[in-house]
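Visitor: Got a structure here, written out as C-alpha cells. Questions coming.
2 protein chains.
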Amino acid sequence: MESGPSGGSRPAEPGPRLRGLRGADAAASASSLSRFGAEAGCRAPAVAAVLPAGGSGERMGVPTPKQFCPILERPLISYTLQALERVSWIKDIIVAVTGENMETMKGIIQRYQHKRISLVEAGVTRHRSIFNGLKALAEDQPNCRLSKPEVVIIHDAVRPFVEEDVLLNVVTAAQEHGASGAIRPLVSTVISPSVDSCLDHSLERARYRASEMPQAFLFDVIYEAYQQCSDYDLEFGTECLHLALKYSHIKAKLVEGSPDLWKVTYKRDLYAAESIIKERISQQVCVVMDTKEDEEHVGRCLEEMLKTELNHIKVTSGQDLQQIIVEQCYNFVCMNVMTSDFEETQRLLNMLEESNLSILYPVVVISVHFLDYESVPFGQKMEKVGKNVGKIVCSVD
Amino acid sequence: MESGPSGGSRPAEPGPRLRGLRGADAAASASSLSRFGAEAGCRAPAVAAVLPAGGSGERMGVPTPKQFCPILERPLISYTLQALERVSWIKDIIVAVTGENMETMKGIIQRYQHKRISLVEAGVTRHRSIFNGLKALAEDQPNCRLSKPEVVIIHDAVRPFVEEDVLLNVVTAAQEHGASGAIRPLVSTVISPSVDSCLDHSLERARYRASEMPQAFLFDVIYEAYQQCSDYDLEFGTECLHLALKYSHIKAKLVEGSPDLWKVTYKRDLYAAESIIKERISQQVCVVMDTKEDEEHVGRCLEEMLKTELNHIKVTSGQDLQQIIVEQCYNFVCMNVMTSDFEETQRLLNMLEESNLSILYPVVVISVHFLDYESVPFGQKMEKVGKNVGKIVCSVD
Chain A
1 MESGPSGGSR PAEPGPRLRG LRGADAAASA SSLSRFGAEA GCRAPAVAAV LPAGGSGERM
61 GVPTPKQFCP ILERPLISYT LQALERVSWI KDIIVAVTGE NMETMKGIIQ RYQHKRISLV
121 EAGVTRHRSI FNGLKALAED QPNCRLSKPE VVIIHDAVRP FVEEDVLLNV VTAAQEHGAS
181 GAIRPLVSTV ISPSVDSCLD HSLERARYRA SEMPQAFLFD VIYEAYQQCS DYDLEFGTEC
241 LHLALKYSHI KAKLVEGSPD LWKVTYKRDL YAAESIIKER ISQQVCVVMD TKEDEEHVGR
301 CLEEMLKTEL NHIKVTSGQD LQQIIVEQCY NFVCMNVMTS DFEETQRLLN MLEESNLSIL
361 YPVVVISVHF LDYESVPFGQ KMEKVGKNVG KIVCSVD
Chain B
398 MESGPSGGSR PAEPGPRLRG LRGADAAASA SSLSRFGAEA GCRAPAVAAV LPAGGSGERM
458 GVPTPKQFCP ILERPLISYT LQALERVSWI KDIIVAVTGE NMETMKGIIQ RYQHKRISLV
518 EAGVTRHRSI FNGLKALAED QPNCRLSKPE VVIIHDAVRP FVEEDVLLNV VTAAQEHGAS
578 GAIRPLVSTV ISPSVDSCLD HSLERARYRA SEMPQAFLFD VIYEAYQQCS DYDLEFGTEC
638 LHLALKYSHI KAKLVEGSPD LWKVTYKRDL YAAESIIKER ISQQVCVVMD TKEDEEHVGR
698 CLEEMLKTEL NHIKVTSGQD LQQIIVEQCY NFVCMNVMTS DFEETQRLLN MLEESNLSIL
758 YPVVVISVHF LDYESVPFGQ KMEKVGKNVG KIVCSVD
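Same order as they appear, the protein sequences are chains A and B. Residue 72 in the numbering used here sits at position 72 of the first sequence, and the numbers go up by one each step. Residue 675 in the numbering used here sits at position 278 of the second sequence, and the numbers go up by one each step.
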C-alpha cells in the first residue's frame, strides 16, 4: 500500500488552508452523526471508504481513463474525493489505482490538497480492486497504518455528486442490516437475449431496480465475503451486494438514491457533469459591500435584481466573509465608494488567496467602484482604481 | 387524428427551401435502401414511424415535458423529427401528443418546417399512445389519409441522435423476423428487491441487455398484438417487444445499438444533448474563397491550420456552395480581396437566407477582407466593407 503525498494517510489535523472549511463541515457532520443515535438506535461507527479507480474507461471512447478526465480542468476523481472529504466522519478513503496511474493520482492528491487518502494498487477487475482496498483496512495486514473500520463504504470514483445524506443512509442501514446499497428506478426495460440474439424474455420494469453506489457494509461482512468468494466472482462479478448475500448470507437493505448518483460512463456524461458543475457555481453570488449608506443601498438593489436570475444570493457587509468562503461560493461582487479604500475587497482577496479556492473552481471577483467626485481629485481616484484592479485580476484563476 | 399545419400528412413534393437537402438525402437513402435487397434478400418495404410524445417528463424535474425542452432554443422533439426526416424511405411519421400540447406541436412543425408528420392524440400511457399511432396507420380506420405500411418503426421523441444505419438495421431485421429492437449493454447491475426493500437477488449483468429504441415490426404483427393485449398491458407495460412475443408469438431480433441511442430522461441529459450538438456544429467549418491567387493561398494555409483543431474542414472556391449547405455545415469563413466585390460571400448569404438554415442551428459567417491598397482609394474600400458587413450581420441568427 502506498500513501498519498500529503504525508500520511491521516494527518493529525487539517492543513491551515482549509481549517475554516473543515470546521464548518465538522459542525454539519456532527449534527448528521447524531442521527445515527436518533434514527437507528445505535452509536456512530468508525467509517472508511474504498474507491475502485482502476478502470480503463473503454466505454468513454477516449484514451484517458474516465476517472482522470478533466472537468473544468480538474480530474473527475478529484470532485469525487472532495465529496467524500466533506464528510468528516469518513476517517479514511482508500483509492485503488493501477501502477501506471499511481504517479498521476499522487499528483492529483498533492495539487488539490486531498486529505485522509491512502492509495493501493488496483487489481485487474473491479472486485479485485475493492478487495485490495479492504485488505489495506484489515487489521491482519502487516505494517498497516490504518485501523479497521466498523463500517466500510464502497463508492465509485466516477460518481462525483454523492451527497452526505445518502452516505449517511447507507452507513446507518449497513450498521443495522450488515449491508446496504443505493438503488434507482430502471430507465430502460431489461431483456434477456437467447443465444441467437433474439428476445427470450423481458423483465417487468417496475419489479427491478438499478443497483447504484454508494454501498456500505459492516467491514467483517464484506471482508469475509471477499475472502471466501471464487476466482470466477472476482473476475466476472459486478455486484458487492451479491457477494455479501452469497458468502455472508446478508440480505442488503436497499436505499432509494437521488438522480445525482449517476455514474460517468460515456463521453456525454462528462458533458453533463461539466454543465452541472458550471450551473452550480454560476447560480450563487455573494455581494460584499461596505457598511456605508451608498454601498448598502446599491447592494440591496442588486440583491433584488439578481434574485430573479440566481438561486443563492448573499449580501454581506464583510463581517462574515470567512463563513461565505466556507460555504463554497465562488462569485463575488464587491462594492466600494472610492474613499473607503477597498478594505473589504482587499480582505476578501487575501482570504481567497489563502484558501486556494481558485484551484478547485474558477473564482470570479467583480469590483464595483463608486467615484466620490467631491472629496478626492479625479486623477488620484483613477490611479487607485488601476492599482486595485491589478490586484483583483491576479486573484482570478 | 389531426394533421400538422404543413398542409397534409404527405405533401406532393418537399418545399422549395429544402429541395437541395432532400435531393441529397434521397440519393444517400437510395443507396441505403439497396441494402434491403443485398443484405436481407428482400425488397424495400413501405415504412412508417410512430413516436409516442405524450409523456409529462416528471423525471426531468422541470415543468415542461422533456420532449418540448429547448436545446439551443429549439425543442428536443424537433431534433428527433429531423433525424427521421433525413431518412427519405420513412414515408410517414406519426407523433402522438396530448391534447394540451397539440397546438405547441403544430407550432413546432410549422416553425421548423417538418414534413411527412401526422399528429394523433396521445393516450394516458406510452402503450396507449403507440396504439393510437398504429390505429392511424391501419387501413380499417375511417377517413384515413395514410396507407398501411409493411413495417412500422417505433421510436422515442426524446432520442434525438438516432442514425439511419440503426433504423435500417431494425427495419431489415423486422422484415425478416417480424420484430426487432436495438439493445445496449447494462450500465448498472439490475437487482430484484423483496417486499421489505432488501436484496432478493441480483442479475448477472452480462446475461441481460437494456432494451432501447428504435424498434421495428411488421405492421400486422404489432397491430395485432396491440389489439389483443390486456388493459393491464396497456396501463403498466413498457415493452413493445414483449407484446409482440406474448400476443403474436414473434421473438424479436435484437440489434446492438450505438451509445447515441440514449434517451433524454434527466436534466443532465439535456445538458449532454446540448453539448453534443454544440460540439458537432463547432467541429466543422467551410472556407469559401474566390479563385484568385491571394485568397486561394490564404485559404489553403487556413485549412492546414484548422486541421489540427476541427474534424471537418472543406475549402471551396464557391462553385459547390449548394452542396456544402446540403451537407449541413453551419460555419463559414469567406475570403475576398476587396476588389472582388464579395460576390461569393453575397452568394453564400443569399443561399443561407433561402435555405432558412439558421432556424435549425446557429449559423456563423466570418468574412475576411484583404484590402488592396494599390487599386482603390482607402476611404472607398472602408465604405464597401461597412456596407457588406451590415448584410452579413443580418444573416447570422
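A virtual CB, placed ideally from N, CA and C, is assigned to each residue, including glycine. Predicted model, so just to flag it, every value in this text is computed and none were measured.
Suppose you measure from the CA of Ser-755(B) to the CA of Leu-746(B); what does that come to, to the nearest Å?
Guide: Distance between the alpha carbons of Ser-755(B) and Leu-746(B) is about 11 Å.
Visitor: Using a Cβ-Cβ cut-off of less than 8 Å, list which residues of the region 463 to 494 of chain B approach chain A; keep chain order.
Guide: Of all residues in the region 463 to 494 of chain B, none has a Cβ within less than 8 Å of some Cβ in chain A.
Visitor: Using three-state DSSP, classify Gln-175(A) as helix, strand or coil.
Guide: Looking at Gln-175(A) - three-state DSSP - the assignment turns out to be helix.
Visitor: Just to make sure I have the definition right: I need the residues of chain A whose C-beta is within less than 8 Å of the C-beta of Cys-595(B). Which are they?
Guide: Here the neighbours are His-177, Lys-251, Ala-252, Lys-253, Leu-254.
Visitor: Between the Cα of Ala-670(B) and the Cα atoms of Leu-534(B), Pro-460(B), Phe-558(B), Val-447(B), which residue gives the shortest distance?
Guide: Nearest of Leu-534(B), Pro-460(B), Phe-558(B), Val-447(B) to Ala-670(B), Cα basis: Phe-558(B).
Visitor: Have a look at Glu-609(B) and Leu-600(B) and give me their C-alpha separation to the nearest angstrom.
Guide: Near 19 Å, if we compare the C-alpha coordinates of Leu-600(B) and Glu-609(B).
Visitor: Going by DSSP in three states, Thr-705(B) sits in which element: helix, strand or coil?
Guide: It is coil, neither helix nor strand.
Visitor: When we look at the beta-carbon of Gly-504(B) and count the other beta-carbons within 10 Å, is it buried (16 or more) or exposed?
Guide: By the neighbour-count rule (16 or more Cβ atoms within 10 Å), Gly-504(B) is not buried but exposed.
Visitor: Report the option in Ala-441(B), Cys-466(B), Arg-471(B) whose CA atom is closest to the CA atom of Lys-664(B).
Guide: Of the candidates Ala-441(B), Cys-466(B), Arg-471(B), the one whose C-alpha sits nearest the C-alpha of Lys-664(B) is Cys-466(B).
Visitor: Would you mind working out which of Gly-181(A), Arg-205(A), Glu-344(A), Cys-229(A) sits nearest Val-190(A), comparing C-alpha positions?
Guide: With distances taken between Cα atoms, Val-190(A) lies closest to Arg-205(A).
Visitor: Shorter than 9 Å from the beta carbon of Asp-269(A) to some beta carbon of chain B?
Guide: Yes, Asp-269(A) counts as interfacial toward chain B.
Visitor: May I ask which residues mark the beginning and end of the alpha helix (DSSP H) holding Val-528(B)?
Guide: Sequence check: residue 528(B) is Phe here, not Val. Phe-528(B) -> alpha helix (DSSP H) spans 523 to 534.
Visitor: Taking Lys-263(A) as the query, report the chain B residues whose CB atoms sit under 8 Å from its CB, ordered along the chain.
Guide: Within 8 Å Cβ-Cβ: Val-584, Ser-585.
Visitor: Note down, in chain order, every chain A residue with its Cβ under 7 Å from the Cβ of Ser-672(B).
Guide: Here the neighbours are Tyr-271, Ser-275.
Visitor: Kindly list the residues whose CB is nearer than 6 Å to the CB of Ser-453(B), restricted to its own chain and excluding five residues on each side of it in sequence; keep chain order.
Guide: Only Pro-462 meet the Cβ criterion.
Visitor: Using a Cβ-Cβ cut-off of 6 Å (strictly less than) and excluding sequence neighbours within five positions of His-312(A), which residues of its own chain qualify?
Guide: So the qualifying residues of the chain are Gln-284.
Visitor: Does the Cβ of Ile-821(B) have 16 or more other Cβ atoms within 10 Å, making it buried, or fewer, making it exposed?
Guide: The structure shown does not extend to residue 821(B), since chain B is modelled only from 398 through 794, so no value can be given for it.
Visitor: Can you give me the start and stop residues for the alpha helix (DSSP H) that Ile-153(A) sits inside?
Guide: From DSSP, Ile-153(A) is part of no alpha helix (DSSP H) but of the beta strand (DSSP E) over 151 to 154.
Visitor: Please classify Pro-442(B): does DSSP put it in a helix, a strand, or coil?
Guide: Looking at Pro-442(B) - three-state DSSP - the assignment turns out to be coil, as it is neither helix nor strand.
Visitor: Considering only DSSP beta bridges, list what His-766(B) is partnered with.
Guide: His-766(B) is bridged to Asn-733(B).
Visitor: When you compare each of Gln-323(A), Lys-253(A), Ile-276(A), Lys-246(A) to Tyr-79(A) by their alpha carbons, which one comes out closest?
Guide: Nearest of Gln-323(A), Lys-253(A), Ile-276(A), Lys-246(A) to Tyr-79(A), Cα basis: Ile-276(A).
Visitor: Quick check on the DSSP output: what are the complete beta strand (DSSP E) runs of length 3 or more inside the region 590 to 629 of chain B, in order along the chain?
Guide: Runs of the beta strand (DSSP E) inside the region 590 to 629 of chain B: 596 to 599, 606 to 615.
Visitor: Along the beta strand (DSSP E) that carries Leu-254(A), what are the first and last residues, could you check?
Guide: Segment 253 to 256, the beta strand (DSSP E) holding Leu-254(A).
Visitor: Would you say His-511(B) faces chain A, with C-beta separation under 9 Å as the test?
Guide: No, no contact with chain A.
Visitor: To the nearest angstrom, how far is it from the Cα of Glu-296(A) to the Cα of Gln-725(B)?
Guide: So the alpha carbons of these two residues sit roughly 53 Å apart.
Visitor: Once you ignore the five residues that flank Ala-26(A) on each side, which residues in its own chain have a CB closer than 7 Å to its CB?
Guide: At Ala-26(A), the pLDDT of 42 sits below 50, so the modelled position is not reliable; the number obtained from the coordinates is stated separately. So the qualifying residues of the chain are Ser-88.
Visitor: Assuming the contact rule is C-beta atoms closer than 8 Å, Arg-347(A) and Leu-321(A) should be a hit. Round their C-beta distance to whole Å, please.
Guide: Contact flag correct, Cβ pair sits at about 6 Å.
Visitor: Hey, would you say the C-beta of Arg-677(B) is under 8 Å away from at least one heavy atom of the ligand MG?
Guide: Judged by which ligands are present, the structure shown has none, so any question about the ligand MG falls away.
Visitor: Do you know how far the Cα of Leu-543(B) is from the Cα of Ser-589(B)?
Guide: Rounded to whole angstroms, Ser-589(B) to Leu-543(B) spans 44 Å at the Cα level.
Visitor: I think Met-105(A) touches Val-120(A), with their Cβ atoms under 8 Å apart; what is that distance to the nearest whole Å?
Guide: Going by Cβ atoms, the distance from Met-105(A) to Val-120(A) rounds to 11 Å, so no, they are not a contact pair.
Visitor: Taking the alpha-carbon of Ile-647(B) as reference, which of Glu-653(B), Lys-660(B), Phe-614(B) has the nearest alpha-carbon?
Guide: Nearest C-alpha to Ile-647(B): Phe-614(B).
Visitor: Is DSSP giving Gly-181(A) helix, strand or coil here?
Guide: In this structure, Gly-181(A) counts as strand in the three-state DSSP scheme.
Visitor: Run through chain B and tell me which residues come within less than 7 Å of Glu-441(A), C-beta to C-beta.
Guide: Chain A is shown from 1 up to 397; residue 441(A) falls before or after that span and cannot be answered.
Visitor: With C-beta atoms as the reference, is Val-618(B) less than 9 Å away from Gly-654(B)?
Guide: Contact flag unset, no.
Visitor: Give the DSSP bridge partners of Pro-75(A), in chain order.
Guide: In the DSSP output, where bridge partners are listed per residue, Pro-75(A) has Pro-70(A).
Visitor: Can you check DSSP and say which residues form a bridge with Met-289(A)?
Guide: Met-335(A), per the DSSP bridge assignment.
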